[in-house]
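In numbering that gives the first Met the number 0, the protein residues as written are 0 to 402.
Following: one structure in structure tokens, then a few remarks.
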Amino acid sequence: MSASISRFFGACFLVAGTTIGAGMLAMPTTNAFSGFFPILFLLIFVWACMLSTAWIFLDVHLFAGVQTNLLTMSEKMLGKPAKILCWALYLLLLYSLTAAYIAGASSTLGFFLQSFLAISVKKEMIASVLVGLFSFFLYFGTRSCDWINRVFMSALVLCYIALLMGIFPEMDLQLLQHEDAQLMPIAIPVILTSFGFHIVIPTLSTYLSGDKVQLRRVIFLGSFLALIVYILWELVTLGSIPLQGKNSFQTAWIHAESITNIISSIIQSPWVKIAAFSFSFFAILTSFLGVSLSLSDFLSDGLSLKSATYRKICSLLLTFFPPLLFVLVYPKAFIAALEYAAIFVAILLGIYPTLMAFRLPSYQSLCKKAYLFVLLGVFSAIIVLAVLQENGYFAAMLTRYMQ
0 MSASISRFFG ACFLVAGTTI GAGMLAMPTT NAFSGFFPIL FLLIFVWACM LSTAWIFLDV
60 HLFAGVQTNL LTMSEKMLGK PAKILCWALY LLLLYSLTAA YIAGASSTLG FFLQSFLAIS
120 VKKEMIASVL VGLFSFFLYF GTRSCDWINR VFMSALVLCY IALLMGIFPE MDLQLLQHED
180 AQLMPIAIPV ILTSFGFHIV IPTLSTYLSG DKVQLRRVIF LGSFLALIVY ILWELVTLGS
240 IPLQGKNSFQ TAWIHAESIT NIISSIIQSP WVKIAAFSFS FFAILTSFLG VSLSLSDFLS
300 DGLSLKSATY RKICSLLLTF FPPLLFVLVY PKAFIAALEY AAIFVAILLG IYPTLMAFRL
360 PSYQSLCKKA YLFVLLGVFS AIIVLAVLQE NGYFAAMLTR YMQ
């Protein structure tokens, strides 16, 4: 395989790996009460909207310059106030995600070591080792991250296939007949957050030398792969786990229990249990790598330091030290921020690229401006739904499933 083809597929896997992550573990629990077919529609709809803004994001990025990140893009296209708001929202989003992935990976690995190997290791130690390991890969750049991401993605795919093989025979197709479209708004924030692949576009642009045709294909193929994985995941989980009763979505919702734990309880198979825990771990790691890489590049762009080595060290310290500190000292601050992740995603990856596109010469036709206004309307509606959900507007609709 030639180097260019290898890079192309590596970039596709990086997009898919960044997309397929911890959100995948949460999706079935928030989506189950709506039913499979309403969720199938939502997955395709949200993916199409996010793909549209990702391509717009790419156009703005290439117009602003290959070495630019969202921070520089927002200042150049929308002015300094937009840059300041971008700083705040982007840092809050990526720091909260990074902290959540550090905590999630540490907890999952600690549980695995304790349960399967009878080794007790403090979560603080595991978190520090993971941060040190990821810092090493990030220091050597995108190529290094590309190769380790391929390892993580390969492990994730193997665990995913093992889970599908273990769950398919246990599926009850009658469970897929449930539909409650009124609860679809509850599912939108988690689905939206699960398609936040835009954050790796500046990194990929540098990696692929700003080749627009290749980048558009990479974004499409990588995100489409994630969509197929999500659809199959929803199919097997919603088709095998009951809504109510013991080991159900009701249990997962009330007790905030991992969906892989529910699967392990329903399917009494040692290898399925190992695959479930391994899948959780590698799903978190793939997103952790993509998010931390994007955060590091964002900080490097924002710091504008002259020395390459000094810039790398500073960006790595700023990437990992604050979230690690909060995970070790006060994790609840980031958990609170995570609750509003969908709002941050809608603003930064939906509203921002669309507003910036109004300044591009290639988006000045009447049709393209109408297209941009439609996207603004869609993401504004999503923000409203996310705010309503966080304030308990849809909670009463779930009570009939919690009894």
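Idealized CB from N, CA, C, for every residue including glycine.
### Y392, DSSP secondary structure in three states
coil
### Query
Between C144 and M124, what straight-line distance do the alpha-carbon atoms span, to the nearest angstrom?
23 Å
### Task
Check the C-beta distance from F196 over to T29 and give it rounded, since I have them as a contact under 8 Å.
With a Cβ gap of about 20 Å, F196 and T29 do not count as contacting.
### Three-state secondary structure assigned by DSSP to V328
helix
### Task
Tell whether a beta-carbon distance below 8 Å holds between M26 and I230.
no
### Where the alpha helix (DSSP H) containing N260 begins and where it ends
I258 to I265
### Message
Under 8 Å, with one C-beta from each stretch per pair, do the segment 150 to 168 and the segment 278 to 286 reach the 3-pair mark?
### Response
yes
### Query
Whose C-beta lies closer than 7 Å to the C-beta of L90 among residues of the same chain, with five residues either side of it excluded?
none
### Task
Please say whether I265 and S239 have beta carbons closer to each other than 8 Å?
yes
### Straight-line Cα distance separating Y400 from G9
43 Å
### CB-CB length for T318 against L298, believed under 8 Å
6 Å
### Task
Please state if the CB of M170 and the CB of V235 are separated by a distance shorter than 8 Å.
yes
### Query
Cβ of Q113 versus every heavy atom of the ligand MG: is any distance shorter than 7 Å?
Judged by which ligands are present, the structure shown has none, so any question about the ligand MG falls away.
### Message
Within 10 Å of its beta-carbon, does T285 have 16 or more other beta-carbons around it, so buried, or fewer, so exposed?
### Response
buried
### Of the residues Y392, L237, T398 and I346, the one placed nearest T192, counting alpha carbons only
I346
### F32 (DSSP reduced to helix, strand or coil)
coil
### Query
Does the count of Cβ pairs from the segment 386 to 397 and the segment 351 to 370 closer than 8 Å reach three?
no
### Message
Let's test the definition: count the other Cβ atoms within 10 Å of the Cβ of H254 and tell me whether it reaches 16, buried, or not, exposed.
### Response
exposed
### Contact with chain B by W46, beta-carbon distance below 8 Å
The structure shown contains no chain B, having only a single protein chain.
### Query
Just the Cα atoms here: how many angstroms apart are F325 and Q176?
43 Å
### Query
From Q363 to T353, what does the alpha carbon distance come to, in whole angstroms?
13 Å
### Query
For N390, is the classification buried or exposed, using 16 other Cβ atoms within 10 angstroms of its Cβ as the cut-off for buried?
exposed
### Task
Could you give the DSSP three-state label for K311: helix, strand or coil?
helix
#### Entry: From A104, A340, V212 and Q249, residue whose alpha carbon lies closest to that of D58
V212
### Message
Between the alpha carbons of S295 and L315, how many angstroms are there, rounded?
### Response
6 Å
#### Entry: Buried versus exposed call for W270 [16 or more other C-beta atoms within 10 Å across all chains shown]
exposed
### Task
Would you decide whether S3 is buried or exposed? Buried here means 16 or more other CB atoms lie within 10 Å of its CB.
exposed
### Query
Which residue's Cα is closest to the Cα of Y370: S51, P37, L132 and C11?
S51
### Task
Give the secondary structure of R216 by DSSP, where H, G and I count as helix, E and B as strand, and everything else as coil.
helix
### Task
Please say whether E233 and I38 have beta carbons closer to each other than 8 Å?
yes
#### Entry: Range covered by the alpha helix (DSSP H) that runs through Q249
F248 to H254
#### Entry: Same chain, Cβ closer than 6 Å to F378, neighbours up to 5 away in sequence not counted
A345, G349 and I350
### Message
According to DSSP, is M401 part of a helix, a strand, or is it coil?
### Response
coil
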